[in-house]
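I have placed the structure first, in the form of structure tokens, so that the comments after it can refer back to it.
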Amino acid sequence: MTKYKKYFQEMMDQNAELFKEFLPIHDGYKTDRKKWSKQFHEKGGQVVEVIRDWERRLCSGMERGNNAVYSSKLAEKFWGEVKELYSHIELVGVKSSLD
């Protein structure tokens, strides 16, 4: 298993309850933004904090020197795993006219 997939799985396992609570909110937000907006941004904020923490763990120390390009690609792959489950995760905290 690649490093980013291992970290992704560890993150999901250690925060299973949070991600389990967020999934129906995320799915509801995809279909009815007005109804689910408040919950999506509140719970989603917690989820994004956890994801960013694990991204930092994955890439820590790589930003310096020759590994900076590798670090950004690794973070991109990690977020790709996240987006497979939560396609709208990038919208957490973003207010729109649809909310």
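For my numbering, add 8 to where a residue sits in the sequence shown, where the first one is 1.
Every residue gets a Cβ at the ideal spot worked out from N, C-alpha and C, and that includes glycine.
- Straight-line measurement puts the Cα of Tyr12 at about 12 Å from the Cα of Tyr78.
- Inter-segment contact for the segment 81-88 and the segment 31-43 is absent: fewer than three beta-carbon pairs are separated by less than 8 Å.
- DSSP places Met20 in the helix class (H, G or I) of the three-state scheme.
- Within the same chain, and ignoring the five residues on either side of Lys91 in sequence, the residues whose Cβ sits closer than 7 Å to its Cβ are Ile97.
- By the neighbour-count criterion, in which 16 or more other beta carbons inside 10 Å mark a residue as buried, Glu57 falls on the exposed side.
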